[in-house]
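Heads up: the sequence shown begins at 527 in our numbering, then just goes up one per residue.
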Amino acid sequence: MGLTIGIVGTGTMGRGIAQIFAASGNRILLHDAREGAAAEARDFVGGMLARLAEKGRMDAGDAKDAMNRIEVAGKLEALASCDLVIEAIVEKLEVKQELFSKLEKILSSHAILATNTSSLSVTAIAAGCEKPERVAGYHFFNPVPLMKVVEVIPGARTKPDVVDKLTGLATEAGHKAVRASDTPGFLVNHAGRGYVTEALQLLRERVAEPADIDRILRDAAGFRMGPFELLDLTGLDVSGPVMAQVYKQFYQEPRFRPSPLIDQRLSAGLLGRKTGEGFYEYPDGKKAEPG
Ligand code: NAI
């Protein structure tokens, strides 16, 4: 019998996380601050599971069972029976701290609190809790069902068994759990600064166009996606604040300085796929290859 897992914040990441853990046999309770959002997420995940079954990538009965394990929790209090709550809400320290502090009053003492933060300190999020030893980072990547890796990040006071439990759960869901320490950007977003920040620097210095930089890094260096394709997929509204946070937390270390191109493009609404234009254009949602 699986766990009861609460997911707070049912946007891009919360939905993906719900899908993989429902598919691996857990009961999922979805909660979102916006009225109707959790129900939309439930339908969305149901549609994804049904499509997997249609394509023969999942047994139809299993997909139906997974769907039936997902419930909407209208109020936060409805998460009281959860063994684990994963938050994927807005990337703001005070908002995440406030949520965890409310959850601590609702959940049993054995429940684990996990944050999907991409750039905030797990230790700082846990600092607002009465029991910071049960808080850890659980950093998934978009799209969660396809990106089969997750960083498990203990804060300064997290107990080792919390890390072990999160690792085991991810493994059961077919994800590779990688332990990373609670440093700015953890592992992937730290290493990613070299990839994305340098690519933006190349663009700013007019060394090459985005499509050429992407092509070289894909074809010659073996990356699955070039840095500009990746930025467009993630959305500058998500990756811009991550860059700013990592820079800030490293005390303005020059190698992490975000490119001025980011703020300019954010102001222009060139966020990437989600706005139809980023470094590439996406008429009808599909990427138009530059000539
Ligand atoms: P999103 O904007 O798609 O979804 C966030 C959801 O949280 C929304 O439905 C919103 O209504 C809800 N929400 C906001 N404040 C809330 C609160 N106080 N209580 C309950 N619900 C609340 O955001 P997304 O992209 O899913 O990101 C969520 C978290 O995951 C952020 O911390 C982000 O940094 C992190 N993350 C995002 C990645 C990405 O590529 N989008 C990748 C890895 C981590």
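Every residue, glycine too, gets a C-beta built ideally from N, C-alpha and C. Everything numeric in this text was worked out from a predicted model, so none of it was measured.
Practice problem: Determine the direct distance from the alpha carbon of Ser607 to that of Leu633, and round the result to whole angstroms. | Solution: As a first step, residue 633 is located in the sequence shown; it is residue number 107 there, counting from the start. As a first step, residue 607 is located in the sequence shown; it is residue number 81 there, counting from the start. Each residue's Cα considered, the two are about 7 Å apart.
Quiz item: Would the C-beta of Phe547 count as close to the ligand NAI, meaning under 8 Å from any of its heavy atoms?
Solution: Here the question's residue 547 lines up with position 21 in the sequence shown. Phe547: no, Cβ never under 8 Å from the ligand NAI.
Practice problem: List the residues that DSSP assigns as beta-bridge partners of Gly663. | Solution: Taking the first residue of the sequence shown as position 1, residue 663 is located at position 137. Answer is Thr641, Ile679.
Exercise. Just tell me which of Glu755, Gly752, Lys812, Ser707 has its CA closest to the CA of Ser644.
Key: Start at 1 with the first residue of the sequence shown, and residue 644 comes out as number 118. Cα-wise, what sits closest to Ser644 is Ser707.
Quiz prompt | Alpha-carbon to alpha-carbon, Val678 and His665 | solution = Your numbering for residue 665 matches position 139 in the sequence shown. Your numbering for residue 678 matches position 152 in the sequence shown. Approximately 7 Å between the Cα atoms of the pair.
Quiz prompt | Proximity to Tyr721 [Cα-Cα], best of Arg705, Gly551, Ile533, Ala747 | solution = As a position in the sequence shown, residue 721 is number 195, starting the count at 1. Taking only the C-alpha atoms, the option nearest Tyr721 is Ala747.
Quiz item: So, helix, strand or coil for Leu796, using DSSP?
Solution: Numbered from 1 along the sequence shown, position 270 holds the residue referred to as residue 796. In the three-state scheme derived from DSSP, where H, G and I count as helix and E and B as strand, Leu796 is classed as coil.
Quiz item: Any heavy atom of the ligand NAI within a distance shorter than 8 Å of the CB on Ile615?
Solution: Walking along the sequence shown from the start, residue 615 turns up at place 89. Ile615 Cβ: within cutoff of the ligand NAI.
Quiz item: the ligand NAI heavy atoms versus the CB of Ser785: any closer than 8 Å?
Solution: For the purposes of this step, residue 785 is taken as residue 259 along the sequence shown, with counting starting at 1. It does not: the Cβ of Ser785 is nowhere closer than 8 Å to a heavy atom of the ligand NAI.
Quiz item: Should Arg818 be labelled buried (16 or more other beta-carbon atoms within 10 Å of its own) or exposed?
Solution: In the structure as shown, the chain starts at 527 and stops at 817, and residue 818 therefore has no counterpart that could be examined.
Quiz item: Do Leu529 and Leu605 have their CB atoms nearer than 9 Å?
Solution: Stepping through the sequence shown from its first residue, residue 529 is reached at position 3. Stepping through the sequence shown from its first residue, residue 605 is reached at position 79. Judged by their CB atoms, Leu529 and Leu605 are not nearer to each other than the 9 Å cut-off.
Exercise. Could you please give the first and the last residue of the uninterrupted alpha helix (DSSP H) stretch that includes Glu779?
Key: Residue mapping note: residue 779 aligns to position 253 of the sequence shown, counting from 1. Neither: Glu779 is in no alpha helix (DSSP H) and is coded neither H nor E.
Quiz item: How many angstroms separate the CA atom of Leu672 from the CA atom of Lys774?
Solution: As a position in the sequence shown, residue 672 is number 146, starting the count at 1. As a position in the sequence shown, residue 774 is number 248, starting the count at 1. Approximately 31 Å between the Cα atoms of the pair.
Practice problem: Give me the Cα-Cα distance between Tyr540 and Val616, rounded to the nearest whole angstrom. | Solution: By one-based count along the sequence shown, residue 540 stands at place 14. By one-based count along the sequence shown, residue 616 stands at place 90. Here residue 540 turns out to be Gly, not Tyr, going by the sequence shown. Straight across, the Cα-Cα distance linking Gly540 with Val616 is about 11 Å.
Quiz item: Is the stretch 558-578 in contact with the stretch 692-702, if contact means three or more CB pairs nearer than 8 Å?
Solution: Here the stretch 558-578 does not lie against the stretch 692-702, with fewer than 3 beta-carbon pairs under 8 Å apart.
Quiz item: Given Leu757, which residues of its chain have a CB within under 7 Å of its CB, disregarding the five upstream and five downstream residues?
Solution: Looking up residue 757 in the sequence shown gives position 231. Cβ neighbours of Leu757 beyond the five flanking positions: Val722, Ser765, Gly798, Gly804, Phe805.
Quiz prompt | Inter-stretch contact (C-beta, 8 Å, three-pair minimum) for the stretch 678-691 and the stretch 649-669 | solution = As far as the Cβ criterion goes, the stretch 678-691 touches the stretch 649-669, which means the pair count is three or higher.
Quiz item: So, using beta-carbon positions, are Gly542 and Val670 closer together than 9 Å?
Solution: Here the question's residue 542 lines up with position 16 in the sequence shown. Here the question's residue 670 lines up with position 144 in the sequence shown. At the C-beta level, Gly542 and Val670 come within 9 Å of one another.
Quiz item: In three-state terms, what does DSSP make of Arg732?
Solution: Within the sequence shown, residue 732 is the residue found at index 206, counting from 1. In the structure shown, Arg732 sits in coil (DSSP, three-state: anything other than H, G, I, E or B).
Quiz item: How many Å lie between Leu762 and Ala794 at the Cα?
Solution: As a working mapping, residue 762 is identified with position 236 in the sequence shown. As a working mapping, residue 794 is identified with position 268 in the sequence shown. Using only the alpha carbons, I get a separation of about 11 Å.
Self-check item: Beta-bridge pairing of Leu702 - partner residues as DSSP gives them
Solution: Indexing the sequence shown from 1 puts residue 702 at position 176. It should be noted that the sequence gives Lys, not Leu, for residue 702. Paired residues: Val675.
Quiz item: If you measure from the CB of Leu625, is any heavy atom of the ligand NAI nearer than 8 Å?
Solution: Here the question's residue 625 lines up with position 99 in the sequence shown. Checking the Cβ of Leu625 against the ligand NAI gives yes.
Practice problem: Pick out whichever of Gly600, Ala589, Ile638, Ala564 has its Cα sitting closest to the Cα of Val611. | Solution: Walking along the sequence shown from the start, residue 611 turns up at place 85. Looking only at Gly600, Ala589, Ile638, Ala564, the smallest Cα-Cα distance to Val611 is reached by Ile638.
Exercise. Please look up how many angstroms separate the CB atoms of Val676 and Val661, rounded, as I've assumed it's under 8 Å.
Key: Within the sequence shown, numbered from 1, the residue matching residue 676 stands at position 150. Within the sequence shown, numbered from 1, the residue matching residue 661 stands at position 135. That pair is no contact at about 16 Å.
Quiz item: Using CA coordinates, which residue listed in Ile546, Pro710, Ala737, Gly752 is at the minimum distance from Val772?
Solution: Position 246 of the sequence shown holds residue 772. Of the listed residues, the one whose Cα sits closest to Val772 is Pro710.
Quiz prompt | Among Thr693, Thr536, Lys590, Ala737, the one whose alpha carbon lies nearest that of Lys813 | solution = As a working mapping, residue 813 is identified with position 287 in the sequence shown. The shortest Cα separation from Lys813 among Thr693, Thr536, Lys590, Ala737 belongs to Ala737.
Practice problem: Check the C-beta distance from Ala549 over to Val598 and give it rounded, since I have them as a contact under 8 Å. | Solution: Counted from its first residue, the sequence shown places residue 549 at position 23. Counted from its first residue, the sequence shown places residue 598 at position 72. No, Ala549 and Val598 are not in contact; Cβ-Cβ is about 18 Å, not under 8 Å.
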